[in-house]
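One structure is given below, encoded as structure tokens.
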Amino acid sequence: MKLNTDMQVVKINDYLWEIPPSEKPGMLVPARIYASAAILGAMDRGVFDQVTNVACLPGIHRYALCMPDGHWGYGFPIGGVAAFNPEDGVISPGGVGYDINCGMRLIRTDLSLSEVQPKLELLMTELFRRVPAGVGSRGFVNLSRRDFRDVMRQGAGWCIAKGYGWEEDLERIEERGCLDGADPTHVTDYAVERGINQLGTLGSGNHYLEIQVLSDKGIYDRATAAAMGLTGRDQVVVMVHCGSRGFGHQVASDYLKVFEKAMRRYGISVKDQQLACAPFRSPEGQDYFGAMNCAANTAFANRQVITHQIREAFETVFGESARRLGMQLIYDVAHNIAKVERYRDGEWLVHRKGATRAFGPGSPELPACYRGIGQPVICGGSMETGSYLLVGTDRAMQETFGSTMHGSGRTMSRAQAKRTVRGEQLMRDMKQHGILVKAVSMSGLAEEAGLAYKNISDVVGTVDHAGITKKVAELKPIGNIKG
DNA sequence: ATGTAC
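For the first sequence, the positions run 372 to 854 when this note's numbering is used.
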């Protein structure tokens, strides 16, 4: 098989490959890639180069990982997972990404396709009005500096205390929507300025809000789906993909500058400047961690306010309360984050960048309702193809620091997609295929065309066969709101 | 991803 690398790639099994430390000077551990042969063959050179660069970072534990949706990113590959010893290892903003706590949220309803279809146009208009989208959009929540500091510290809980959501939402959010260690004193005024008016906004790029349908044949595991309130019968659900907006972006930018200097001070050299890092226990490492947690909490809050806006839109259109419509939150997962997590072999600082936590059954971190089935994992596909709901497994706990894939992964650059596809035509094509699109920008829409992404079914098949997550359901889009 | 520019 011809791969986009000159390095030796050893097959561990049909869905797991390893690059031994002998392949690059300075590698402290092997690099491992989860992929079918076909997905591995299609991976860009950047994945092999970057995952082996990560394997050279001080304090890395066991191996540097890349998921099947992996592709080239800033420093670390998107789809990258790496765990470090919190005592003598590093933390790296490139291992989290610019969009700190970018993540996915899934909301169920009791509505069926036949009830929603006649009102879909109205519903989409209502959602488009209530959830500001696009670059630089402002939210409807007015925050004082003091309020924003509370959001940074309290995350989704702040929103619920202010009436944006239900008390019961909290237990269905990773870390209850609030990471410990958020320290607003390490966030710059400029970051606050960028973020203070963006609560409850979708953003742009691959961020979206989608109305989806779960058909009977879309269910792979009926009992597990039922535990999440999903019964099929063309049930309508709502998926949200967004993060910490300009605020997280500024936190990342601020600390990348700090870390480039800090590396010299600590005598750390990296294979690529984009891997800038600092010892986790250093003042710089702790300052970034404190600021990153602030950004992560605002992202949880952002998705919480958006959930509130979605519920209000449904209430307006269907004339019933969101409770009567059964609009419970199924789950909210982060896929750009660094966290200290406890495993059987110790406590590790796990970086996930375009990778999702996938804790297995019995994990004490899971709420009672999911402890028996494992953590829900929400994987967004391209807007044309559909998305998947999975659950974490014990194997993920042993092999991948409780981690799995996050989405389909790009195969084509944004520029190339724009050259290949016209937004207006794509919108018409999607309407013909039963997907109503509301987009802020036509060129932005073209960048997200399905042909620019890997086939999500193949990618999900890999993590399912590899045993690091289990398929529960496939969700098909009928309406997409795009920034 | 991002007031898409240091």
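We put the CB at the ideal spot given by N, CA and C, even for glycine. Computed from a predicted structure; not experimentally measured.
Tell me the DSSP secondary structure of residue i in three-state form.
i, result
"GLY854", "coil"
"ILE827", "helix"
"GLN644", "helix"
"ASP415", "coil"
"PRO654", "helix"
"PRO848", "strand"
"LYS632", "helix"
"THR669", "helix"
"THR833", "helix"
"ARG516", "helix"
"ASN424", "helix"
"ALA409", "helix"
"MET372", "coil"
"TYR445", "coil"
"ARG674", "helix"
"ARG509", "coil"
"GLY661", "helix"
"VAL467", "coil"
If you follow the alpha helix (DSSP H) that residue i is part of, which residue opens it and which one closes it?
i, result
"GLU492", "491-501"
"LYS789", "785-791"
"ILE531", "527-532"
"LYS802", "794-803"
"GLU818", "813-818"
Taking the C-alpha atoms as reference points, what is the distance between residue i and residue j?
i, j, result
"GLY603", "GLU539", "23 Å"
"VAL609", "ALA553", "29 Å"
"MET438", "VAL830", "9 Å"
"THR423", "ILE404", "10 Å"
"ILE478", "LEU700", "4 Å"
"ALA408", "ASP470", "30 Å"
"PRO555", "PRO401", "37 Å"
"GLY745", "LEU580", "25 Å"
"TRP388", "ASP551", "35 Å"
"ALA597", "LEU822", "33 Å"
"HIS679", "GLY536", "5 Å"
"PRO489", "VAL607", "13 Å"
"SER615", "GLY656", "20 Å"
"THR426", "ALA435", "Sequence check: residue 426 is Ala here, not Thr. Answer to the nearest angstrom: the Cα atoms are 5 Å apart."
"HIS777", "ASP420", "21 Å"
"THR669", "TYR445", "22 Å"
"CYS549", "ASP518", "15 Å"
"ARG694", "VAL502", "20 Å"
"GLN796", "SER812", "13 Å"
"VAL834", "GLY589", "18 Å"
"LYS373", "ARG793", "33 Å"
"LEU585", "TYR759", "10 Å"
"GLY697", "GLY412", "44 Å"
"LEU846", "ARG476", "13 Å"
"TRP443", "GLY690", "46 Å"
"GLY733", "LYS632", "43 Å"
"THR572", "VAL380", "42 Å"
"SER508", "GLY566", "11 Å"
"ALA786", "GLU818", "7 Å"
"LYS825", "THR791", "16 Å"
"THR559", "ALA837", "42 Å"
"ALA594", "PRO747", "13 Å"
Could you pull the start and end residues of the beta strand (DSSP E) that residue i belongs to?
i, result
"MET438", "431-442"
"LEU807", "807-810"
"LEU482", "474-483"
"GLY451", "449-455"
Per DSSP, which residues does residue i bridge with? Please list them.
i, result
"VAL381", "GLU389"
"THR775", "THR727"
"ALA402", "ILE390 and ALA435"
"ALA649", "ILE462"
"ARG781", "TYR824"
"THR840", "GLY763"
Is the closest heavy atom of the ligand MG to the C-beta of residue i under 8 Å?
i, result
"LEU846", "Absence of the ligand MG is noted for the structure shown, with no ligands found whatsoever."
Unbroken stretches of the beta strand (DSSP E), 3 residues or longer, contained in the stretch 718-771
747-750 and 758-763
Can you list, in chain order, the stretches of the beta strand (DSSP E) that have 3 or more residues and sit fully within the stretch 541-627?
579-585 and 606-613
If you scan the stretch 676-718 from start to end, which runs of the beta strand (DSSP E) of 3 or more residues do you find wholly inside it?
700-705 and 707-714
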